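These notes are about the structure you will find just below.
4 protein chains.
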Amino acid sequence: MDFSISEPLLALQQRVRTFIREEVIPLESDCRQGPHGPEEGLRRVLIERARAAGLLSPHVSPHYGGMGLSHHARAVVFEEAGYSPLGPIALNIFAPDEGNMHLLEAVATPAQKERWLRPLALGEIRSCFCMTEPAPGAGSDPRMLATTAVRDGDDYVINGSKWFITGANGATLAIIMAVVPGSGATMFLADMSAKGIVIERTMDSLDTCFPGGHGVIRFDHLRVAAADILGAEGSGFSFAQIRLSPARLTHCMRWLGAVRRAHDIAVDYARHRHAFGRPIGEHEGVGFGLADNDMDMHSARLVIMHCAWVLDQGDLALRESSRAKVIVSEAVWRVVDRCVQILGGRGVTGESLVARIFTDIRAFRIYDGPSEVHRWSLAKHLLKSPPSPEKHHAPD
Amino acid sequence: MDFSISEPLLALQQRVRTFIREEVIPLESDCRQGPHGPEEGLRRVLIERARAAGLLSPHVSPHYGGMGLSHHARAVVFEEAGYSPLGPIALNIFAPDEGNMHLLEAVATPAQKERWLRPLALGEIRSCFCMTEPAPGAGSDPRMLATTAVRDGDDYVINGSKWFITGANGATLAIIMAVVPGSGATMFLADMSAKGIVIERTMDSLDTCFPGGHGVIRFDHLRVAAADILGAEGSGFSFAQIRLSPARLTHCMRWLGAVRRAHDIAVDYARHRHAFGRPIGEHEGVGFGLADNDMDMHSARLVIMHCAWVLDQGDLALRESSRAKVIVSEAVWRVVDRCVQILGGRGVTGESLVARIFTDIRAFRIYDGPSEVHRWSLAKHLLKSPPSPEKHHAPD
Amino acid sequence: MDFSISEPLLALQQRVRTFIREEVIPLESDCRQGPHGPEEGLRRVLIERARAAGLLSPHVSPHYGGMGLSHHARAVVFEEAGYSPLGPIALNIFAPDEGNMHLLEAVATPAQKERWLRPLALGEIRSCFCMTEPAPGAGSDPRMLATTAVRDGDDYVINGSKWFITGANGATLAIIMAVVPGSGATMFLADMSAKGIVIERTMDSLDTCFPGGHGVIRFDHLRVAAADILGAEGSGFSFAQIRLSPARLTHCMRWLGAVRRAHDIAVDYARHRHAFGRPIGEHEGVGFGLADNDMDMHSARLVIMHCAWVLDQGDLALRESSRAKVIVSEAVWRVVDRCVQILGGRGVTGESLVARIFTDIRAFRIYDGPSEVHRWSLAKHLLKSPPSPEKHHAPD
Amino acid sequence: MDFSISEPLLALQQRVRTFIREEVIPLESDCRQGPHGPEEGLRRVLIERARAAGLLSPHVSPHYGGMGLSHHARAVVFEEAGYSPLGPIALNIFAPDEGNMHLLEAVATPAQKERWLRPLALGEIRSCFCMTEPAPGAGSDPRMLATTAVRDGDDYVINGSKWFITGANGATLAIIMAVVPGSGATMFLADMSAKGIVIERTMDSLDTCFPGGHGVIRFDHLRVAAADILGAEGSGFSFAQIRLSPARLTHCMRWLGAVRRAHDIAVDYARHRHAFGRPIGEHEGVGFGLADNDMDMHSARLVIMHCAWVLDQGDLALRESSRAKVIVSEAVWRVVDRCVQILGGRGVTGESLVARIFTDIRAFRIYDGPSEVHRWSLAKHLLKSPPSPEKHHAPD
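Protein chains in written order, with UniProt numbering: chain D, 1 to 396; chain U, 1 to 396; chain C, 1 to 396; chain H, 1 to 396.
Here is the structure:
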């Protein structure tokens with residue numbers, strides 16, 4: 001094993017860090033931000049700065065305008081980007097677009113890539129992934145998928161309801177998961193301006209960091225051509241697996257960066273605010289919280305790095321990404337909650353960025369599979385396989 | 001010991017419960033609510049309804065228009081009121097006004113009571129308590145009080161900065177804690193319209209349930225007459241102790257009601273939402289969360305009731321209220337966090353009331369003494385006293 | 001509500017406290033203790049001292065030689081007794097005998113009481129409760145009961161295996177749970193010297209506080225007369241419910257006393273041991289632990305008292321005792337674990353009593369229903385009943 | 001970064017695994033084990049088997065009879081050895097001997113190495129490290145060292161008391177930390193048979209896995225030659241630092257192996273024991289516990305591996321080993337506690353190995369610095385340094 005980071009990657013990390021500090025953080029107070037995320041105008045400014053810095057779409061291959069980073073390198077870069085809520089938007093690696101680009105690059109036809117991946121990678125358009133449905137449809141349990149796509153000549157006609165569709169408002173591309181009767185779950189590509197796609201409303205959410213917020217969508221006889229199937233009819237779930245682990249993991253990377261920011265703010269406060277005769281950080285009630293933050297972030301980073309490495313070996317990393325999702329989402333939650341507590345009154349107000357990170361991050365224990373579903377899936381794996389001792393860090 | 005609730009109190013509990021359900025909850029969707037709390041117009045409607053129902057200011061003596069409830073009875077009634085974020089406003093028992101009325105009734109002169117307590121108890125005006133200061137002033141450590149009140153003839157001239165002053169915006173009465181050089185901390189009563197009181201801004205806060213939000217205030221040569229001292233010069237902290245335990249405890253009562261609401265919503269959801277072949281409540285990952293909620297609320301309620309009983313015995317209950325503050329604030333936080341998790345995506349959006357309770361309640365682990373300060377104070381008590389076994393539930 | 005303890009009960013509490021301190025604690029270093037509990041000779045000495053002090057069998061009615069205490073009074077007295085591992089043995093209120101006496105007094109025929117209850121209450125004999133079975137029999141799930149009792153003339157012939165039978169070794173009376181084909185679970189009374197009862201071995205267990213330890217028993221054509229049925233054929237589970245809640249709760253009472261002892265030892269140590277320039281208790285890492293102990297014990301005591309009160313109202317208190325079992329068993333575990341940590345090296349050795357309490361108490365999260373089973377049962381209750389708000393502290 | 005394990009190391013891992021399973025585990029039921037650890041006769045058998053298998057003293061350089069493994073390779077091998085409580089004894093890598101050999105190899109003179117390291121590495125003798133003192137001496141705070149070594153001609157005369165001296169009983173070599181007035185803490189090598197070394201008693205401890213148990217020692221005018229100083233006069237603490245991080249970390253490695261064993265036992269039980277209609281592992285209350293075990297062990301292993309890598313870079317890894325100590329000691333504790341709970345009654349008895357691992361492991365949260373001291377030291381580091389973002393996994 002080797003835990004070192006290569007010199008070129010360290011240099012890239014430094015470049016991103018500098019870019020975030022000098023080009024992105026100053027925009028955090030830009031007024032073009034609201035309950036449903038940063039506005040398109042602000043996003044354009046951010047994209048432009050990243051392009052100028054040569055940091056746009058680092059996860060996409062150079063052929064489509066990106067940097068072609070490995071999962072390992074993404075772990076380094078995305079954490080740096082996450083240090084500002086605007087960082088992932090600038091680098092064009094926010095959710096769900098980052099995962100959608102990854103999926104398109106892996107699965108789409110060359111024509112589909114030209115039409116959708118290229119403008120996405122250039123930051124010209126945005127996209128959404130239409131999977132989650134209101135009751136009694138598919139929430140945590142994907143097998144409850146209720147949206148249907150019925151073959152009609154060369155087309156499919158899609159009907160159904162979706163919600164929590166991140167980025168829907170303002171998106172150009174929709175990737176839609178629907179059941180083709182007789183074949184099963186299938187992914188379709190559609191232009192959000194198509195007749196039959198109705199954004200009913202944008203939901204009020206605790207988080208305010210995703211461009212476009214979270215939409216409620218109705219498909220009302222949406223007509224999609226067979227050529228717009230992504231992957232193959234009936235293989236929606238298996239192709240979506242390609243997106244699954246990396247998308248989970250990039251959330252982990254970005255949020256780790258976010259809580260590192262919260263932690264730095266808390267450390268700074270703990271050094272300078274006095275109470276009961278000394279800097280509050282010298283009271284163990286505060287100091288231990290900082291130490292626990294340090295340990296939580298350290299473990300989280302290692303778990304992310306390990307999973308990224310497994311992905312880089314060509315493995316789907318379903319088990320590793322389940323572990324990472326639970327470990328990291330719960331660790332970052334503890335970290336930001338401690339930061340709120342350490343900051344006291346400041347922590348629950350807009351006086352620092354910490355409250356914003358706090359509300360932005362809560363949903364991460366829920367989306368991409370709530371902790372409970374991942375725990376259950378890990379348990380099933382443990383109960384099924386022979387009681388073999390861990391094969392250490394080789395992918396399994 | 002006797003854990004029964006008297007018949008009249010059970011009847012009152014039922015009346016409040018009905019009032020909240022029928023008169024208050026329907027107003028939760030009233031648009032007159034914003035980031036800095038419900039507006040005055042909505043508050044007036046609520047107050048009017050409570051007055052009509054005979055439920056206004058239950059903690060104030062009948063002489064000043066209230067119901068004269070014991071602390072024990074308050075525990076029952078305030079929990080019911082807390083079931084809606086608007087309930088405490090309707091009954092005129094929200095913070096800080098409820099505690100301010102309690103303090104005025106215990107300490108103020110008859111003239112002061114007529115001038116301030118009476119209109120407060122009738123819900124005609126609002127008040128604020130100006131204690132907390134920005135660094136390097138008094139935060140968790142009250143001895144760092146930096147605001148001064150200097151004698152000048154028959155008056156005092158007050159200078160200093162305060163923040164996190166709940167309800168400042170729209171308040172008529174300010175209770176101000178300031179240091180009189182040579183005498184020590186002293187409380188003053190002032191009209192918020194007085195020259196020398198400047199509300200610099202209202203803070204952005206996670207909670208949105210307090211009328212007037214949380215203000216930043218500057219006292220700029222504010223002149224207060226000696227007759228407007230509350231209590232006596234130099235005795236600010238000792239008189240404030242009268243407010244301390246009850247105010248902590250009524251927070252506990254109201255927030256317990258709030259998370260009972262969240263829990264009821266979660267139980268209802270767990271019964272009706274299906275995943276993986278059954279109602280999600282039948283999955284232990286969800287059901288155990290509900291059971292833990294039940295146990296947390298049960299313990300919290302008992303601890304509140306015990307502390308209320310100690311207060312009713314005439315004790316200051318400093319130790320009991322420290323315990324209650326930590327136990328209850330941490331228990332209700334766990335409860336609402338579990339409810340968010342159980343509701344999944346709904347839990348982090350405005351689709352239910354739970355997200356609002358979640359953001360409203362976080363600060364409770366911080367105000368009225370953060371958990372860390374209470375733990376330290378409990379530890380000091382344990383280390384100081386002789387190692388006597390607990391005298392059970394007699395006040396100690 | 002009223003949290004006061006009556007004067008006579010306070011006096012009794014004081015008597016028990018003095019008795020434990022002066023008559024019982026000095027015997028803690030008596031060598032007649034081993035891995036399978038205190039020996040009979042030591043038990044006799046303890047019983048004799050309690051009899052002389054007028055404190056024997058406080059839970060049994062005076063008619064059979066006890067003090068006839070209410071559940072509430074037991075809560076006070078048993079906690080005091082639990083302050084020493086030998087206290088419950090002295091007062092004749094250790095498990096399983098205390099619960100067995102309770103059951104016999106409630107269910108047995110007058111003849112059965114004369115034969116078994118009287119000598120038990122006088123401390124002349126010991127008893128065991130033969131319920132738990134090795135796989136694939138009844139463990140956490142009582143419906144898996146595999147021991148059978150087949151009618152044969154006026155007798156029943158019992159066959160089966162039991163384990164974790166506390167007190168089996170040295171017991172005179174066995175209460176046996178077995179399935180009568182066609183009727184269901186039934187309880188039988190038998191003399192342990194009867195032909196057909198084989199104690200195969202005594203198990204090695206973490207706890208060493210139960211006289212007789214935990215036995216593995218085989219019933220090999222054990223013949224029991226119909227007159228030795230306890231209760232009625234087929235009603236074993238329903239009659240056992242009478243034992244259920246009180247037995248759970250008295251465990252809570254005794255173990256609360258035990259961890260109060262550990263806490264007192266830890267407080268004393270935290271006052272006197274210095275490190276890094278001051279008594280270790282003044283380091284928040286230690287002081288906060290003491291404060292958490294204080295709060296855990298406070299909540300636990302209130303939950304016990306409440307459940308005792310519900311039992312005193314004549315209720316079975318199944319839900320309340322489930323709550324109490326989980327809340328208290330987990331709270332006392334946290335307390336003793338913190339004490340171990342505070343004592344450092346001393347905590348993991350025989351240098352103080354804490355290590356013994358630590359190993360004695362671990363099993364309490366498992367026996368009388370592991371936490372998981374109680375959580376599940378609480379969840380079922382929550383999901384089944386209409387979503388009614390808590391009826392506070394009236395039994396429900 | 002690279003998380004793969006080299007082929008030769010995987011092969012060695014497999015060899016150790018097989019050795020533990022076939023040569024060591026069968027000896028776990030050997031009767032030559034008691035409250036103060038395995039007896040010398042059993043140790044000799046184990047050593048002999050490891051020698052025959054070519055696995056003796058893997059951490060020592062080949063020159064002195066070992067395998068010369070890197071810290072990284074030790075992580076792999078020691079975890080495998082820890083899978084049995086007897087494994088570390090067989091491989092001659094138990095505490096404190098493993099750390100003592102490491103220290104001697106790094107610091108001792110050639111003559112000292114010949115005299116002490118060689119027979120230690122061959123498993124011919126045992127050793128102890130005499131640091132910890134009873135109050136008011138050095139416990140968690142090494143600066144309170146009270147044992148003195150006073151120069152007298154060419155000798156030093158040592159007086160003082162030590163306790164928790166692991167392995168003292170039966171050891172041949174003692175490494176003694178004592179204060180030389182005017183110079184400071186100094187390490188001395190002494191033969192345990194020397195006049196002036198009195199083993200007063202062996203302590204009763206929760207753990208029973210260390211050969212020789214934990215001794216209380218008195219130095220009564222022990223005379224040691226200047227040539228027997230280890231390192232240099234006054235440099236005891238700085239030289240001991242060489243031992244510090246590796247010794248902490250090898251504890252982590254061994255205990256991780258131990259809880260992996262407990263976990264495997266729990267998984268096996270969860271598959272085969274039925275309750276409430278299915279294998280208990282299919283109840284989430286149990287299955288989630290297994291999943292949490294899996295995640296805790298995964299994080300722990302990564303943190304160990306990272307720290308080992310930092311050590312292999314030549315760094316003292318004080319901060320990394322503090323983190324690892326806290327993270328791993330608390331994770332393995334959670335794991336084994338969950339295993340106890342899953343096993344139910346079996347978990348708290350000798351019916352499986354889990355109870356033994358449970359009691360063996362508790363002290364690990366205390367020795368080599370209790371969690372509280374490491375948290376404080378981590379906090380100090382955070383508060384001191386400039387708020388630089390983490391340099392990832394490069395040593396810092």
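Cβ coordinates follow ideal geometry from the N, Cα and C atoms, glycine included.
Computed from a predicted structure; not experimentally measured.
> What residues are listed by DSSP as bridge partners for A187(H)?
Replying inline: Translated into positions along the fourth sequence, residue 187(H) becomes position 187. Note that residue 187(H) is Met in the sequence shown, not Ala. In DSSP, M187(H) forms a bridge with M177(H) and L230(H).
> Given that a residue counts as buried once 16 or more other Cβ atoms are within 10 Å of its Cβ, and exposed if not, what is W110(C)?
Replying inline: Working through the third sequence from its first residue, we reach residue 110(C) at position 110. It should be noted that the sequence gives Pro, not Trp, for residue 110(C). The residue is exposed, with fewer than 16 neighbouring Cβ atoms inside 10 Å.
>> Would you say P389(U) lies against chain C (beta-carbon separation less than 8 Å)?
In response: Taking the first residue of the second sequence as 1, we reach residue 389(U) at position 389. Legend: pLDDT at P389(U) = 47, less than 50; position of this residue unreliable, value from coordinates given subsequently. Yes, contact with chain C.
>> Is the beta carbon of V348(U) closer than 8 Å to that of A363(D)?
In response: Residue numbering aside, residue 363(D) sits at position 363 when the first sequence is read from its first letter. Residue numbering aside, residue 348(U) sits at position 348 when the second sequence is read from its first letter. The answer is yes: Cβ separation under 8 Å.
>> Just checking: is the beta-carbon of D220(U) within a distance shorter than 8 Å of some beta-carbon in chain C?
In response: By one-based count along the second sequence, residue 220(U) stands at place 220. Not closer than 8 Å to any Cβ of chain C, the Cβ of D220(U) fails to qualify, so no.
> Taking buried to mean at least 16 other C-beta atoms within 10 Å of its own C-beta, is P8(D) buried or exposed?
Replying inline: Translated into positions along the first sequence, residue 8(D) becomes position 8. It is exposed - the Cβ of P8(D) has fewer than 16 other Cβ atoms within 10 Å.
>> Ignoring anything shorter than 3 residues, give me the beta strand (DSSP E) runs that lie fully in the region 140–177 of chain U, in order along the chain.
In response: 148–152 and 155–166
> Is A270(D) closer than 8 Å to I158(D) when the C-beta atoms are compared?
Replying inline: Residue 158(D) sits at position 158 when you count from the first residue of the first sequence. Residue 270(D) sits at position 270 when you count from the first residue of the first sequence. Contact: no.
>> Quick check: is the beta carbon of H392(D) nearer than 8 Å to any beta carbon in chain C?
In response: The residue you call residue 392(D) lines up with position 392 of the first sequence. With a pLDDT of 42 at H392(D), under the threshold of 50, the modelled position of that residue is not reliable, and the figure given next carries that caveat. No, H392(D) does not count as interfacial toward chain C.
> If we call anything under 8 Å between Cβ atoms a contact, is R375(H) one with G285(C)?
Replying inline: By one-based count along the fourth sequence, residue 375(H) stands at place 375. By one-based count along the third sequence, residue 285(C) stands at place 285. Yes.
>> Tell me which residues of the region 269–289 of chain U have at least one Cβ-Cβ distance to chain H shorter than 7 Å, keeping chain order.
In response: H283, E284, G285 and F288
> What are the start and end residues of each continuous beta strand (DSSP E) run of 3 or more residues lying completely inside the region 299–333 of chain C, in chain order?
Replying inline: none
> Cβ of L383(D) less than 8 Å from any chain H Cβ?
Replying inline: As a first step, residue 383(D) must be located in the first sequence, where it is residue number 383. Yes, L383(D) counts as interfacial toward chain H.
> Taking the alpha-carbon positions, what's the S205(U) to T18(C) distance?
Replying inline: By one-based count along the second sequence, residue 205(U) stands at place 205. By one-based count along the third sequence, residue 18(C) stands at place 18. Each residue's alpha carbon lies about 54 Å from the other.
> Less than 8 Å separating the beta-carbons of L353(D) and I265(D)?
Replying inline: The count along the first sequence starts at 1 and reaches residue 353(D) at position 353. The count along the first sequence starts at 1 and reaches residue 265(D) at position 265. Going by C-beta atoms, L353(D) is nearer than 8 Å to I265(D).
>> From the DSSP secondary-structure annotation, give me the bridge partner or partners of S205(H).
In response: As a position in the fourth sequence, residue 205(H) is number 205, starting the count at 1. In the DSSP output, where bridge partners are listed per residue, S205(H) has T349(C).
> Based on the DSSP secondary-structure assignment, which residues constitute the bridge partners of L222(U)?
Replying inline: In the second sequence, counting from the first residue as 1, residue 222(U) sits at position 222. Bridge partners of L222(U): I158(U).
> Which residues in the same chain as R346(C) place their Cβ atom closer than 6 Å to its Cβ, once the five residues preceding and following it in sequence are excluded?
Replying inline: On the third sequence, residue 346(C) is found 346 positions in, with the first residue counted as 1. Contacts found: S352.
> By the criterion of Cβ-Cβ separation under 8 Å, what are the contact partners of L206(U) in chain D?
Replying inline: Position 206 of the second sequence, counting from 1, holds the residue named residue 206(U). Under the 8 Å cutoff, chain D gives V348, T349, A355, F358 and T359.
>> When you compare the CB of A165(D) with every CB in chain U, is at least one pair closer than 8 Å?
In response: Mapped onto the first sequence, residue 165(D) falls at position 165. The amino acid occupying residue 165(D) in the given sequence is Ile; Ala does not appear at that position. Answer no: the Cβ-Cβ gap between I165(D) and chain U never drops below 8 Å.
> Whose CA, out of L382(D), R334(D), C307(D) and F288(D), lies closest to the CA of D268(H)?
Replying inline: Here the question's residue 268(H) lines up with position 268 in the fourth sequence. For the residues L382(D), R334(D), C307(D) and F288(D), the minimum Cα distance to D268(H) belongs to L382(D).
>> For a contact defined as C-beta to C-beta under 7 Å, what are the partners of F3(D) on chain H?
In response: Position 3 of the first sequence, counting from 1, holds the residue named residue 3(D). Within chain H, the residues near F3(D) are M1, H306, W309 and H393.
>> Could you tell me the alpha carbon to alpha carbon distance between D191(D) and Q313(D), rounded to whole angstroms?
In response: Your numbering for residue 191(D) matches position 191 in the first sequence. Your numbering for residue 313(D) matches position 313 in the first sequence. Those two C-alpha atoms are separated by around 34 Å.
> Can you tell me whether DSSP reads C130(C) as helix, strand or coil?
Replying inline: By one-based count along the third sequence, residue 130(C) stands at place 130. Of the three classes helix, strand and coil, the one that applies to C130(C) here is strand, per DSSP.
> Going along the region 360–381 of chain D in order, which residues come within less than 9 Å of chain U, judged by CB to CB distance?
Replying inline: R362, A363, R365, I366, Y367, P370, S371, E372, V373, R375 and W376
>> Helix, strand or coil, according to DSSP, for H393(C) in the structure here?
In response: Here residue 393(C) refers to the residue found at position 393 when the third sequence is read from its first residue. Reliability fails at H393(C), whose pLDDT of 43 lies under 50, so the model's placement of it is uncertain and the value that follows must be treated cautiously. DSSP places H393(C) in coil when its eight states are reduced to three.
> From what residue to what residue does the alpha helix (DSSP H) around R248(C) run?
Replying inline: Residue numbering aside, residue 248(C) sits at position 248 when the third sequence is read from its first letter. G236 to H272 is the extent of the alpha helix (DSSP H) around R248(C).
>> Out of G289(U), F129(U), R248(U) and T208(U), which one is the CA nearest neighbour of G34(U)?
In response: Position 34 of the second sequence holds residue 34(U). The candidate whose alpha carbon is nearest that of G34(U) is T208(U).
>> Can you tell me whether C307(D) is buried or exposed? The criterion is at least 16 other CB atoms within 10 Å of its CB, across all chains shown.
In response: Along the first sequence, read from residue 1 onward, the residue named residue 307(D) stands at position 307. So C307(D) counts as buried.
>> Let's see if you can read the secondary structure: which residues bound the alpha helix (DSSP H) around E114(D)?
In response: Taking the first residue of the first sequence as 1, we reach residue 114(D) at position 114. Premise fails: E114(D) is in no alpha helix (DSSP H) and is neither H nor E.
> Mind checking whether H36(H) and T250(H) have CB atoms under 8 Å apart?
Replying inline: Here the question's residue 36(H) lines up with position 36 in the fourth sequence. Here the question's residue 250(H) lines up with position 250 in the fourth sequence. Not in contact: H36(H) and T250(H) (Cβ atoms no closer than 8 Å).
> Exposed or buried, what is Q241(C) when buried is set at 16 or more other beta-carbons lying within 10 Å of its beta-carbon?
Replying inline: Reading the third sequence from its first residue, position 241 is the one you call residue 241(C). With fewer than 16 other Cβ atoms within 10 Å, it is exposed.
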